[in-house]
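Engineer:
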Amino acid sequence: MTDLAVYDMDRTVTVRATYSSFLLHCARRRQPWRLALTPLAAVSMLGYVGKAISRSTLKEINHALMLGAHIHPHELKPLVESFADLTVARNICPGARTRIARDKAEGFRLVLATASYRLYAEAIAERMGFDDVVATGSVINVNESLAARIDGENCYGPAKKRMLDTWLTEEGITPGRTRFYSDHISDLPVFEWADEPVAVNPHPPLRRLAERRGWRVEDWR
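In terms of my numbering, the sequence shown is numbered consecutively and its last residue is 1375.
Quick look at the structure:
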């Protein structure tokens, strides 16, 4: 059996969300003219808020606007590496560093489970000492270019639990003790799976739920 410590990323390990920052980082360094398309990204956000499009579609639209419909990995790699370096230097909660080190010292296998794209979450996870990543995938075209489309599910809400279950099966892991850290109530299925659910930097609905259920609440900022 394997003891697992599973971490959400945005606003749990990081102080601020990473997805929009990543897209803007790439656009500035690769094709600055794409920054003029940010009003269209705002329109797509209104479509999501109005429930005209899904969260997955929102991500695909913004990806296409800021990165283009297709990008080859050799163009993307330096952008991913520089973004991961900046994130680890400037956007990590101090308490996250402490907890990650403690869980590792206690022998837990560290898993980053995030709705962010695997294409950059893996680089951040590697720098932070995680062992595994469960994240939103991207479609790879036959010419090996990265498409602005999600491969499978967006790793958010109930999908995060499904993807975590799939990963456990594929890895042949039987969980021992399980810890889960997140800031958001959308991760309720994983909170309920964990032996030790911890509400980290929680938004108000999660804080209220954690208090009702007696879950530990921590501020890592």
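Here a beta-carbon is modelled for each residue, glycine too, at the ideal position from N, C-alpha and C.
Taking Cβ to Cβ, would you say residue 1355 is nearer than 8 Å to residue 1333?
Structural biologist: Numbered from 1 along the sequence shown, position 201 holds the residue referred to as residue 1355. Numbered from 1 along the sequence shown, position 179 holds the residue referred to as residue 1333. Taking the C-beta atoms as reference points, residue 1333 is found no nearer than 8 Å to residue 1355.
Engineer: Is the Cβ-Cβ distance between residue 1157 and residue 1263 less than 8 Å?
Structural biologist: Position 3 of the sequence shown, counted from the first residue, corresponds to residue 1157. Position 109 of the sequence shown, counted from the first residue, corresponds to residue 1263. Yes, Cβ-Cβ distance for residue 1157 and residue 1263 is below 8 Å.
Engineer: Put residue 1218 into one of helix, strand or coil per three-state DSSP.
Structural biologist: By 1-based counting over the sequence shown, the position of residue 1218 is 64. Helix.
Engineer: Going by DSSP in three states, residue 1351 sits in which element: helix, strand or coil?
Structural biologist: Taking the first residue of the sequence shown as 1, we reach residue 1351 at position 197. The answer is strand: DSSP assigns residue 1351 an E or B state.
Engineer: Using 8 Å as the cut-off, can you tell me whether the stretch 1231-1248 makes contact with the stretch 1357-1372, which would need three or more C-beta pairs spanning the two stretches below that distance?
Structural biologist: no
Engineer: Determine, using beta carbons only, whether residue 1299 and residue 1224 come nearer to each other than 8 Å.
Structural biologist: On the sequence shown, position 145 is the one that residue 1299 refers to. On the sequence shown, position 70 is the one that residue 1224 refers to. In this structure, residue 1224 lies closer than 8 Å to residue 1299 by Cβ.
Engineer: Is it buried or exposed for residue 1190, if we count other Cβ within 10 angstroms and need 16 for buried?
Structural biologist: Stepping through the sequence shown from its first residue, residue 1190 is reached at position 36. The residue is exposed, with fewer than 16 neighbouring Cβ atoms inside 10 Å.
Engineer: Let me confirm a value: residue 1312 is counted as buried when at least 16 other C-beta atoms fall within 10 Å, else exposed. Which label applies?
Structural biologist: Walking along the sequence shown from the start, residue 1312 turns up at place 158. Exposed.
Engineer: What is the rounded straight-line gap between the Cα of residue 1280 and the Cα of residue 1167?
Structural biologist: Taking the first residue of the sequence shown as 1, we reach residue 1280 at position 126. Taking the first residue of the sequence shown as 1, we reach residue 1167 at position 13. C-alpha separation (whole angstroms): 13 Å.
Engineer: Within a Cβ cutoff of 8 Å, which residues of the same chain sit near residue 1343, ignoring the five residues on either side of it in sequence?
Structural biologist: Taking the sequence shown and counting its residues from 1, the one referred to as residue 1343 is at position 189. Excluding positions up to five away in sequence, the list reads 1311, 1312, 1314 and 1315.
Engineer: Under 6 Å Cβ to Cβ from residue 1160, same chain only, skipping five residues before and after it: list those, please.
Structural biologist: Taking the first residue of the sequence shown as 1, we reach residue 1160 at position 6. Excluding positions up to five away in sequence, the list reads 1265, 1267 and 1334.
Engineer: By alpha-carbon positions, which one of 1357, 1181 and 1211 ends up nearest to residue 1232?
Structural biologist: Sequence index remark: in the sequence shown, residue 1232 carries index 78 (1-based). With distances taken between Cα atoms, residue 1232 lies closest to 1181.
Engineer: So, using beta-carbon positions, are residue 1309 and residue 1269 closer together than 8 Å?
Structural biologist: As a first step, residue 1309 must be located in the sequence shown, where it is residue number 155. As a first step, residue 1269 must be located in the sequence shown, where it is residue number 115. Taking 8 Å as the cut-off, the beta carbon of residue 1309 is found closer than this to the beta carbon of residue 1269.
Engineer: When the Cα of residue 1331 is compared with those of 1260, 1277 and 1169, which residue comes out closest?
Structural biologist: In the sequence shown, residue 1331 corresponds to position 177, counting from 1. Ranking 1260, 1277 and 1169 by Cα distance to residue 1331 puts 1260 first.
Engineer: Of the residues 1364, 1319 and 1294, which one's Cα is nearest the Cα of residue 1337?
Structural biologist: Reading the sequence shown from its first residue, position 183 is the one you call residue 1337. For residue 1337, the nearest C-alpha among the options comes from 1364.
Engineer: Suppose contacts are defined by Cβ-Cβ distances below 8 Å. Is residue 1228 in contact with residue 1177 by that definition?
Structural biologist: In the sequence shown, residue 1228 corresponds to position 74, counting from 1. In the sequence shown, residue 1177 corresponds to position 23, counting from 1. It is not a contact, given that the beta carbons lie outside the stated cut-off.
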